[in-house]
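Let me begin by presenting the structure, written as structure tokens, before commenting on it.
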Amino acid sequence: MVLVHFEITITFGISKIQFCPKKTRLIELLDEKKKAVIIQNIIKGLAPNVAMKDSGIEWFGEIPEHWKVVKLKYLSKNIDTGSTPNGYDIPIEELNENVWNWFTPGDFNEDFNFVNESKRKLSFEVVEDNNVRLYDSNSVMFVGIGATLGKIAVTDTNFYTNQQINIIELNNDINKMFVAYSLSATIKISKMLANSATLPILNQQKLGDIQIPIPDLNEQILVVERLENIYFNHFNIANKISTSIELLKEKRTAIISATINGEINLD
Numbered sequence: 180m181v182l183v184h185f186e187i188t189i190t191f192g193i194s195k196i197q198f199c200p201k202k203t204r205l206i207e208l209l210d211e212k213k214k215a216v217i218i219q220n221i222i223k224g225l226a227p228n229v230a231m232k233d234s235g236i237e238w239f240g241e242i243p244e245h246w247k248v249v250k251l252k253y254l255s256k257n258i259d260t261g262s263t264p265n266g267y268d269i270p271i272e273e274l275n276e277n278v279w280n281w282f283t284p285g286d287f288n289e290d291f292n293f294v295n296e297s298k299r300k301l302s303f304e305v306v307e308d309n310n311v312r313l314y315d316s317n318s319v320m321f322v323g324i325g326a327t328l329g330k331i332a333v334t335d336t337n338f339y340t341n342q343q344i345n346i347i348e349l350n351n352d353i354n355k356m357f358v359a360y361s362l363s364a365t366i367k368i369s370k371m372l373a374n375s376a377t378l379p380i381l382n383q384q385k386l387g388d389i390q391i392p393i394p395d396l397n398e399q400i401l402v403v404e405r406l407e408n409i410y411f412n413h414f415n416i417a418n419k420i421s422t423s424i425e426l427l428k429e430k431r432t433a434i435i436s437a438t439i440n441g442e443i444n445l446d
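So the sequence shown is numbered by my numbering: it starts at 180 and just counts up by one.
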């Protein structure tokens, strides 16, 4: 009889924990919804009733009539690849405060990243001795090779990168966040159409030939503001769900432990 009570107590106490897989699935659905909305906004724009035209690119379909489809190389001053200088491996604790960010794919945890600190740094001396190229903050970083190929990042500081990262140094009338969002959406669509999680190596030339739909600078900024609101709202909702999952797991562990230790009356 005690065993029956024991089983009922635990089952009743942890029944709510069965919601955990559903909550986890909800986060996945939210992420899918976020990606779909971003792709919609970055290709179709904000105005629902604007006149449309054929983009000439199958996976884009129609785009707003006043938008253009342009290759990345025509939106940028330069597309370059980073480098690994001698002295890059000096332990960070041995460096003084005069250091530069030196980004590698290991700094990019997500498909789309906003990063202002790199895990590894370059000293001023290493930069001067090796004549390493410094990149302007109005640039988009793109991993062009390796297991994390296709990951994208932007930063608010001038920076250096290693040779696994291509850098798109944008013209002054181009918003880096718009290009980053658009490039990210294009990569996702390409992967879906190819039915593959990976892409071939994308060197400077191939990256420069990628085409994206783009409006004028003012509309780029408006689209970016909309997308940042989407990211912010998604983060808040997903964070609340994740927190509730952790609380439920803690409660489950506590109930099981208390029941086993006789802290819950089974009579």
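Yeah, the Cβ is synthetic: ideal placement off N, Cα and C, and Gly gets one too.
Report, in whole angstroms, the separation of the C-beta atoms of residue i and residue j, which I expect to be a contact under 8 Å.
i, j, result
"Phe293", "Val333", "6 Å"
"Val216", "Ile409", "6 Å"
"Ile331", "Ala359", "5 Å"
"Lys202", "Ser423", "6 Å"
Are the beta-carbon atoms belonging to residue i and residue j less than 8 Å from one another?
i, j, result
"Asn351", "Leu386", "no"
"Lys250", "Ile258", "no"
"Ile368", "Trp246", "no"
"Phe357", "Val305", "no"
"Leu349", "Lys355", "yes"
"Gly285", "Lys300", "no"
"Ile366", "Gly329", "yes"
"His413", "Lys213", "yes"
"Ile420", "Leu205", "yes"
"Ala364", "Ile218", "yes"
Could you pull out every residue in the same chain whose Cβ sits closer than 7 Å to the Cβ of residue i, ignoring the five residues on either side in sequence?
i, result
"Gly261", "Tyr339, Thr340, Asn341, Gln342, Ile344 and Ile346"
"Glu241", "Met231, Lys232, Asp233 and Ser234"
"Ile236", "Val248 and Gln390"
"Asn418", "none"
"Ser318", "Ile346, Ile347, Glu348, Leu349 and Lys355"
Which residues in the same chain as residue i place their Cβ atom closer than 8 Å to its Cβ, once the five residues preceding and following it in sequence are excluded?
i, result
"Arg405", "Asn220 and Leu225"
"Thr336", "Asn280, Asn295 and Ser316"
"Glu244", "Val229, Ala230, Met231 and Lys232"
"Asn265", "Val305, Asp308 and Asn309"
"Glu186", "Residue placement at Glu186 is flagged as unreliable, the pLDDT there being 48, under the threshold of 50; a coordinate-derived value is accordingly withheld."
"Thr263", "Asn341 and Gln342"
"Lys256", "Glu348, Leu349 and Asn350"
"Leu313", "Trp279, Val306, Asn337, Phe338 and Tyr339"
"Asp388", "Lys250, Leu251 and Lys252"
Once the 5 residues before and after residue i are set aside, which same chain residues still bring their CB inside 6 Å of it?
i, result
"Ile353", "Leu254"
"Thr283", "Asn341"
"Asn277", "Phe303"
"Val183", "Unreliable positioning characterises Val183 in this predicted model, as indicated by a pLDDT of 46, which lies under 50. The coordinate reading is nonetheless provided below. Counting only Cβ-Cβ distances below 6 Å, and skipping sequence neighbours, we find nothing."
So who's on the other strand from residue i, going by DSSP bridges?
i, result
"Ala364", "Paired residues: none, contrary to the question."
"Glu241", "Asp233"
"Cys338", "It should be noted that the sequence gives Phe, not Cys, for residue 338. Beta-bridge pairing links Phe338 to Tyr314."
"Val249", "Ile391"
"Ile344", "Val322"
"Ile435", "Answer by DSSP bridge pairing: none, since Ile435 is not bridged."
Taking 7 Å as the cut-off, is the CB of residue i close to at least one heavy atom of the ligand SAH?
i, result
"Val249", "Because no ligand of any kind appears in the structure shown, any question about the ligand SAH cannot be addressed here."
The segment 398-407 / the segment 322-333 touching (three or more Cβ pairs under 8 Å) = no
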